[in-house]
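Input: a single structure, listed below in structure tokens.
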Amino acid sequence: MFLRPVSNRKGMQIISELSLFMPMVKTLSLTQQGAKYLMLVILFVLLSACSSPRTIALNDDILGVSSGDAVAQTKRAKKVLVLNSNQSVERYQIAESSFVGAMGGRDIQVMDLQNMDKPVEFIQDQLNAQSYDLIYAIGAKALGSVNLIDPNIPVVYSAVLNWRRFKQQENYFGISSELSPQVQLTWFKYFFPDIKTIGVLYSQENAHLIAEANQVAGNLGIKLVASQVRSEQHLMDSVRHLLNKVDALWLISDSHILSSIDKVKQFFALADEKQIPVLTYNPVFIEMGAVMSLAADLPTIGRQAALLANDLLAKDVPAEAIQFPVGSRIMLNSQKVRQYDMKLNASALGSVDEIFP
Amino acid sequence: MHHKRSKTDSRERRVLLRLFMLCCFMFFMMAQGFAETVEPSVSESAVDSTVSEPIVSAPDNDPLKIYFFNPEINASRNLVLKNTWDTFLREQGKFTFQPVDRQEDFKQLLQNDQGAAFIMAEWLFKKLEHKSRKAFSLALQGIKDGQDTYKRILVGNSKLLDLDRARIACSGDRTRNFKILADMFPELSAHQIAQLKLLQVPKDIDALMALGYGLADLALSSEVGLSNMAMLNENRFRALNVIKESKPLGQSILVFKAMEPAKQVAVVHSLLNMPETALGRQAINLIGLDNWKILDTRLSSMISQEKDGISGSGESASKKQIQAISDDKGSDDKGSDDKGGRN
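Chain order of the listed sequences is A and B. In my numbering, each number is its position in the first sequence, counted from 1, plus 1. In my numbering, each number is its position in the second sequence, counted from 1, plus 96.
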């Protein structure tokens with residue numbers, strides 16, 4: 002047989018001590034030959050039994066578990082560095098945890114730059130000490146520091162307000178912080194189908210975005226009344242002028258339009274006076290009187306960054322350097338909806354994440 | 097006379113001993129395997145044992161709990177669901193709405209909580225073993241646009257399919273989505289399904305917009321979602337192709353566990369009232385429905401009797417019990433029936 006006989010004294014002692022089962026076999030009136038066959042049968046049964054539950058459990062769970070295991074086995078060689086500008090900031094933490102969760106078994110090192118005065122030097126030391134295949138930068142501090150080093154590996158970034166600055170940078174791929182104009186306008190139309198004209202104020206920094214929005218608005222049956230503001234002095238006049246012509250106002254992220262808190266408050270006061278609803282991109286404006294806010298969903302951004310990172314690690318370079326976030330988070334001000342007597346599509350409520358108040 | 101064992105006998109003994117040790121080892125591994133890999137589920141005997149031996153039963157003065165779990169609805173919305181539903185239910189009686197974040201927690205509640213109502217995805221209920229399902233009584237099924245079923249669809253820009261590279265936007269539970277895709281593509285192996293690039297998004301409409309606006313290659317969505325998008329932006333969304341469809345899936349259902357018939361009637365009555373008030377419509381719309389239909393004919397006749405006022409004394413026994421439950425609201429304020437008249 003394949004088993005090597007035990008020859009040493011200790012082995013013999015063990016055998017004699019463990020041979021207690023022999024009397025039991027003898028009481029069953031089994032010959033040694035019969036006992037051997039019985040053991041073989043038991044062994045066969047146990048082997049069969051061992052395989053079945055594992056297979057069933059695997060079949061039930063294979064789709065959730067095996068993907069990670071499969072990824073881990075094939076992708077462990079690639080190393081990813083995650084630089085978090087400040088782990089104590091919730092939106093950065095959410096991006097980090099959803100990114101790491103979606104990367105599925107990769108070798109990931111996370112660094113918190115929160116208390117670092119000289120992050121550039123620290124990051125440079127890390128890059129010199131270890132070989133990374135990709136960097137994921139969360140927040141402006143992380144991305145800015147990496148940008149100064151300009152490593153020769155792909156950089157993925159998110160949660161950077163000034164993402165437009167990096168649009169043309171080679172090897173830099175980002176997720177912007179706001180939903181695309183197409184998505185925002187589509188949501189507006191879905192929630193409030195009676196809105197026909199939407200007014201928007203913008204400065205030169207958003208000229209391209211407004212041009213894209215104009216195209217989409219037409220497909221949605223919305224007339225976009227866009228007014229470019231060239232100076233702060235004319236801002237409120239432009240607002241008053243628009244309010245007479247539109248069903249709703251669309252407040253976009255624009256540093257020249259939202260130059261101060263006072264300006265924003267005036268903006269909302271004027272709109273409220275005319276009972277014109279304001280649709281916006283950030284929930285902070287809901288308390289100021291906006292009817293709806295459409296923000297990017299933070300966990301989805303992390304997952305999207307992970308998908309992008311995996312593509313880059315597989316040398317599958319995307320056509321566009323910047324992606325808009327695909328997930329949305331919607332807050333509805335039900336008080337304002339009632340106050341302005343707006344017709345709300347009831348089916349759209351299935352998509353609301355938060356109702357204010 | 098001492099019997100001298102032959103060499104053959106000794107060899108036989110050693111072989112038998114080793115076989116015995118191997119059997120013990122295999123048995124041990126099997127026992128470990130059962131403990132690690134077999135997940136206790138509602139279908140197991142733990143549930144059956146609790147059917148006849150209630151572990152948790154709420155005192156009568158506690159509000160009646162309506163638990164909710166649907167993995168196709170983003171759990172981050174649970175707070176808005178709870179707030180809206182509690183506001184509506186407070187007007188109806190002593191009820192409280194409790195959305196549950198995780199499937200494991202919901203399964204524990206199904207096992208342990210007595211005298212409660214559960215709103216859940218129908219497919220989740222069907223996953224329970226037949227024996228365990230007997231502990232529950234089916235009461236209502238959700239309706240959306242007149243339909244008690246819906247289909248998940250895989251949508252793309254063209255009929256050509258490159259699943260190896262495609263990014264599939266989808267909402268809901270990741271494991272559930274893999275399962276739906278596995279059912280849609282039975283020709284693919286489990287490994288191939290697990291390799292699909294799923295991009296989880298919070299909402300059905302997010303998935304469609306990701307596809308429609310070039311941020312994804314495919315979207316796993318619903319027929320209703322696609323038709324809504326097609327109405328909004330015909331140019332962009334009518335051109336999309338439905339590549340695969342799931343079999344019809346039932347809308348969410350309401351089941352009771354070990355609840356007195358009178359309380360069941362009170363709950364069903366309240367839920368059937370939802371489309372009648374603005375707040376009720378808001379609450380039911382938040383879970384993706386717009387109405388309910390009664391599945392339990394017994395409940396249906398009790399409610400009909402209550403409406404028609406059938407009985408010799410002018411009030412049915414069930415109506416008296418319902419009245420008693422409604423009166424039991426105590427100092428709870430009744431909100432106005434119609435909040436602002438919108439819709």
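A virtual CB, placed ideally from N, CA and C, is assigned to each residue, including glycine. If you're wondering where the values come from, they're calculated on a predicted model, not measured in any experiment.
Taking the DSSP output, what are the residues bridged to B:Leu248?
-> Looking at the sequence itself, residue 248 of chain B is Arg, so the reference to Leu does not match. BP columns for B:Arg248 point to B:Ser318.
What residues of chain B sit near A:Asp298, judged by a beta carbon separation below 7 Å?
-> Pro298
Using a Cβ-Cβ distance under 8 Å, would B:Asn166 count as near chain A?
-> no
Would you say B:Gln347 and B:Thr180 are within 8 Å of each other, going by their C-beta atoms?
-> no
Roughly how many angstroms lie between the CA atoms of A:Ile258 and A:Met237, to the nearest whole one?
-> 10 Å
For A:Pro284, does the three-state DSSP call read helix, strand or coil?
-> Under the three-state reduction of DSSP, A:Pro284 is assigned to helix.
Grab me the residues of B:Leu382's own chain with a C-beta within less than 8 Å of its C-beta, minus the 5 sequence neighbours each way, in chain order.
-> Arg173, Val176, Leu177, Thr180, Trp181
Comparing the C-beta of B:Arg248 with each C-beta of chain A, is any distance below 8 Å?
-> no
Let me know the alpha helix (DSSP H) ranges lying completely inside the segment 70–135 of chain A, each 4 residues or longer, listed in chain order.
-> 91–103, 120–130
Residue closest to A:Ile154, alpha-carbon to alpha-carbon, out of A:Phe100, A:Lys80, A:Glu179, A:Leu345 = A:Lys80
Step through the CB atoms of chain B and report whether any lies within less than 8 Å of the CB of A:Met293.
-> Answer no: the Cβ-Cβ gap between A:Met293 and chain B never drops below 8 Å.
Can you have a look at B:Glu187 and say buried or exposed, based on whether 16 or more other CB atoms are within 10 angstroms of its CB?
-> buried
Cβ pair B:Leu316, B:Ile276 closer than 8 Å = Closer than 8 Å, so yes.
Return the CA-CA distance between A:Trp251 and A:Tyr191, expressed in angstroms with no decimal places.
-> 15 Å
In terms of residue numbering, what span does the alpha helix (DSSP H) encompassing A:Ile262 cover?
-> 262–274
A:Asn311 lies in the alpha helix (DSSP H); which residues open and close that run?
-> 299–314
Would the segment 193–211 of chain B and the segment 302–318 of chain B be scored as touching if the rule is three or more Cβ pairs under 8 Å?
-> no
Contacts that A:Phe325 makes with chain B (C-beta to C-beta distance below 7 Å) = Leu311
Three-state secondary structure (DSSP) at A:Leu252?
-> strand
Find out if the Cβ-Cβ distance for the pair B:Val363, B:Ile399 is shorter than 8 Å.
-> no
Nearest-angstrom Cα distance between A:Ile223 and B:Asn369?
-> 36 Å
If you draw a straight line from the C-alpha of A:Phe174 to the C-alpha of A:Ala322, how long is it?
-> 5 Å
According to the neighbour-count rule (16 or more other Cβ atoms, all chains shown, within 10 Å of its Cβ), is A:Val292 buried or exposed?
-> buried
Closest by CA to B:Val453, which one among B:Ser106, B:Asp244, B:Phe221?
-> Outside the displayed span of chain B (97 to 439) sits residue 453 of chain B, for which this structure offers no information.
Using beta-carbon positions only, say whether A:Pro120 and A:Leu128 come within less than 8 Å of one another.
-> no
Tell me whether A:Glu274 is buried or exposed, calling it buried when 16 or more other Cβ atoms sit within 10 Å of its Cβ.
-> exposed
Going by DSSP, what residues sit across from B:Cys266 in a beta bridge?
-> B:Gln296, B:Leu316
Residue nearest to B:Gln237 in terms of C-alpha spacing, selected from B:Asp392, B:Asp404, B:Ser397, B:Gln401 = B:Asp392
Buried versus exposed call for B:Cys120 [16 or more other C-beta atoms within 10 Å across all chains shown] = exposed
Please decide whether B:Arg377 counts as near chain A, where near means a Cβ-Cβ distance under 8 Å.
-> yes
Assuming A:Pro300 contacts A:Gln336 (C-beta within less than 8 Å), just tell me the rounded distance between them.
-> With a Cβ gap of about 28 Å, A:Pro300 and A:Gln336 do not count as contacting.
Limits of the unbroken alpha helix (DSSP H) element including B:Glu218 | 218–223
Thinking C-beta only, is B:Ile239 closer than 8 Å to B:Trp446?
-> Absent from the structure is residue 446 of chain B, since the part of chain B shown begins at 97 and ends at 439.
What does a CB cutoff of less than 7 Å around A:Pro182 pick up in its chain, not counting 5 residues either side in sequence?
-> Leu210, Glu213, Ala214, Val217
Nearest chain B C-beta to A:Leu221 closer than 8 Å, yes or no?
-> yes
Pick helix, strand or coil for B:Met305, following the three-state DSSP scheme.
-> helix
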